[in-house]
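Residue numbers (the UniProt record's numbering): 1 to 360.
Each residue gets a CB set at the ideal place from its N, CA and C atoms; glycine is no exception.
Only a predicted model underlies this, so the values are computations on that prediction, with no experimental measurement involved.
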Amino acid sequence: MTELELRDLRKTYRARGRPSVDAVRGIDLTLHSGELLGLLGPSGCGKSTTLRMIAGLETVTGGDILVGGTSVISRPAQQRNIGVAFENYALYPPLTVAENLAFGLKARKKAARGDVARKVKDIADRVDLTPLLDAHPAGLSSGQKQRVSLARALIREPDVLLLDEPLSHLDAAQRDTTRRELKRIQRDLGHTTILVTHDQEEALSLADRIAVMKDGVIQQLGTPYEIYDSPANVFVADFVGEPAINLLPGVATDDGHARLSGTARIALPVPVAAGREVVVGIRPEDLTLTGEDGGLTARVIAHEPLLESGIATLALDGVDKPLVVLTVPEIRLAHDDLVQVTADPHLTHVFDAETGDSLR
């Protein structure tokens with residue numbers, strides 16, 4: 001197992017006659033041996049560029065990449081011993097699964113023929129590909145192709161494993177199954193791994209830690225629980241969570257509340273100077289509908305009963321943004337019903353309206 005370290009890693013694209021683009025703007029990050037880190041963010045945030053720089057598929061503008069304490073920045077991709085499983089699988093159609101797995105080893109001339117066959121059999125057993133070794137890629141399902149792509153990255157016994165959107169082409173059922181298999185395989189083999197994804201469910205379920213990226217910068221680094229329960233800013237709070245967090249603009253008052261409108265007020269989790277403009281964040285599961293007075297009075301816009309829970313969309317007087325609440329299965333709500341909503345201040349987030357940073 002090997003540690004991976006990124007030091008002030010940067011990538012700037014320059015084209016004649018066009019403004020330069022800073023795709024990655026100074027990333028400092030250390031992955032511990034055997035750790036799986038999720039690099040999470042929207043399209044264009046720099047996560048795939050970061051992965052390609054680590055793999056040696058993209059030149060580095062500045063900074064350094066260390067694998068096991070040794071800089072690999074000057075080494076070509078084939079000399080970095082870094083395995084990559086690509087989003088598009090990148091399998092060779094004329095070759096069988098066994099030949100696809102053996103191709104890289106033969107090309108690198110790193111193993112004798114008998115060793116290649118042994119390695120192919122061993123990795124096929126580990127990722128449940130043995131019955132498919134004589135098949136061609138055209139006859140495989142998307143999930144099976146992804147397993148072949150993963151096995152081909154693993155067979156070279158890499159120091160670091162990079163997974164580029166590995167589940168994006170799978171349907172919901174295949175994604176769930178493959179996600180569980182992927183986690184089992186990574187735990188069994190213990191490879192230091194980066195998972196690049198825009199899917200928060202993948203990151204939250206697979207990763208030991210998550211780095212949330214935006215505009216080439218890591219916005220927050222932490223465990224899935226830290227990212228979800230204590231978001232560093234409005235972007236992280238809004239990007240992670242389904243249904244999305246409620247973000248309501250308000251003004252702090254001198255009695256520990258935020259005024260959302262003329263009548264709607266909500267308690268804040270920390271002291272905030274009176275008059276300061278804030279954004280109050282409350283996750284839908286942290287709001288409660290009650291028949292008692294004392295909460296926020298809201299009108300039902302819509303209610304979606306989803307068997308295990310429901311989603312209520314509510315309107316608060318004087319507040320432009322709707323309020324989304326997760327409801328228990330037994331509740332039945334009709335359009336225009338009036339309800340009372342309460343929030344636990346300990347589960348409420350508050351952000352500075354100007355910077356977006358958390359004030360908790």
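Assign Asp-344 to buried or exposed, taking buried as 16 or more other Cβ atoms, counted over all protein chains shown, within 10 Å of its Cβ. exposed
Residue span of the alpha helix (DSSP H) that contains Ile-185, given as start and end: 172 to 189
Extent of the continuous alpha helix (DSSP H) run through Tyr-228: 224 to 229
Could you tell me which residues DSSP puts in a beta bridge with Tyr-13? Val-21
What separation, rounded to the nearest whole angstrom, lies between the Cα atoms of Leu-161 and His-349? Spanning the two alpha carbons is a distance of roughly 36 Å.
Can you look up Ser-309 in the DSSP assignment and give me helix, strand or coil? Three-state DSSP puts Ser-309 in coil, outside helix and strand.
Which residue from His-335, Ser-358, Ala-203, Leu-163 puts its Cα closest to that of Val-278? Ser-358
Report the rounded CA-to-CA distance for residue 367 versus Val-60, giving the unit in angstroms. The structure shown has nothing for residue 367, since the chain only spans 1 to 360.
Going by DSSP, name the residue or residues bridged to Ser-358. Partner(s): Phe-351.
Strand pairing of Asn-246, partner residues [DSSP]: Ile-282
Of the residues Arg-52, Ala-273, Pro-42, the one placed nearest Ile-194, counting alpha carbons only: Arg-52
Let's see if you can read the secondary structure: which residues bound the beta strand (DSSP E) around Thr-290? Here the beta strand (DSSP E) through Thr-290 covers 287 to 290.
Run through the DSSP bridge pairs and tell me what Arg-265 is partnered with. Arg-259
Can you tell me whether DSSP reads Thr-96 as helix, strand or coil? Coil.
Tell me, please, which residues DSSP counts as bridged to Leu-154. DSSP output for Leu-154 lists no bridge partner at all.
Is Lys-121 helix, strand or coil when you go by DSSP? helix
Continuous alpha helix (DSSP H) stretch holding Leu-163: start and end: Counting along the chain, Leu-163 falls outside any alpha helix (DSSP H), though it belongs to the beta strand (DSSP E) covering 160 to 164.
Here's the rule: buried if 16 or more other CB atoms are within 10 angstroms of the residue's CB, otherwise exposed. What is Tyr-89? buried
By Cβ distance below 6 Å, which residues in the same chain neighbour Thr-30 in space, the five residues on each side in sequence not counted? Excluding residues within five positions, the ones whose Cβ falls inside 6 Å are Glu-5.
Determine, using beta carbons only, whether Ala-298 and Leu-316 come nearer to each other than 8 Å. yes
When the Cβ atoms of the segment 192 to 207 are set against those of the segment 19 to 28, are three or more pairs found closer than 8 Å? no
With the cut-off set at 8 Å, would you say Ser-33 and Thr-2 are in Cβ contact? yes
Judging by CA-CA distance, which residue of Val-270, Leu-268, Tyr-228, Pro-137 is the nearest neighbour of Pro-94? Pro-137
For His-257, count neighbouring Cβ atoms within 10 angstroms of its own Cβ and tell me buried if that reaches 16, exposed if not. buried
Spatial distance of Val-251 from Val-319 (CA atoms): 13 Å
Quick check: the Cα distance between Val-217 and Leu-9, rounded to an integer number of angstroms? 10 Å
Here's the rule: buried if 16 or more other CB atoms are within 10 angstroms of the residue's CB, otherwise exposed. What is Val-21? By the 10 Å Cβ count, Val-21 comes out exposed.
Could you tell me whether the segment 62 to 78 touches the segment 232 to 252, where touching means 3 or more Cβ pairs closer than 8 Å? No, they do not touch.
Excluding five sequence neighbours on each side, which residues of the same chain lie with their C-beta closer than 8 Å to the C-beta of Ser-309? Leu-326, Thr-327, Val-328, Pro-329
Tell me the rounded alpha-carbon separation between Ile-54 and Leu-150. 17 Å
Apply the 10 Å Cβ neighbour rule to His-191 and answer buried if 16 or more other Cβ atoms are within range, or exposed otherwise. Taking every protein chain shown into account, the CB of His-191 has 16 or more other CB atoms within 10 angstroms, so this residue is buried.
Verify whether the separation of the beta carbon atoms of residue 365 and Glu-35 is less than 8 Å. This structure does not reach residue 365, given that the chain is present from 1 up to 360, and the question cannot be answered.
Would you report the Cα separation of Leu-333 and Ser-141, rounded to the nearest angstrom? 43 Å
Considering Ala-343, what are the terminal residues of the beta strand (DSSP E) in which it resides? 338 to 343
Nearest to Glu-242 by alpha carbon, out of Leu-182, Arg-259, Tyr-228? Tyr-228
Cβ neighbours of Gly-104 in the same chain (closer than 8 Å, five flanking residues each side left out): Only Arg-152, Ile-155, Arg-156 meet the Cβ criterion.
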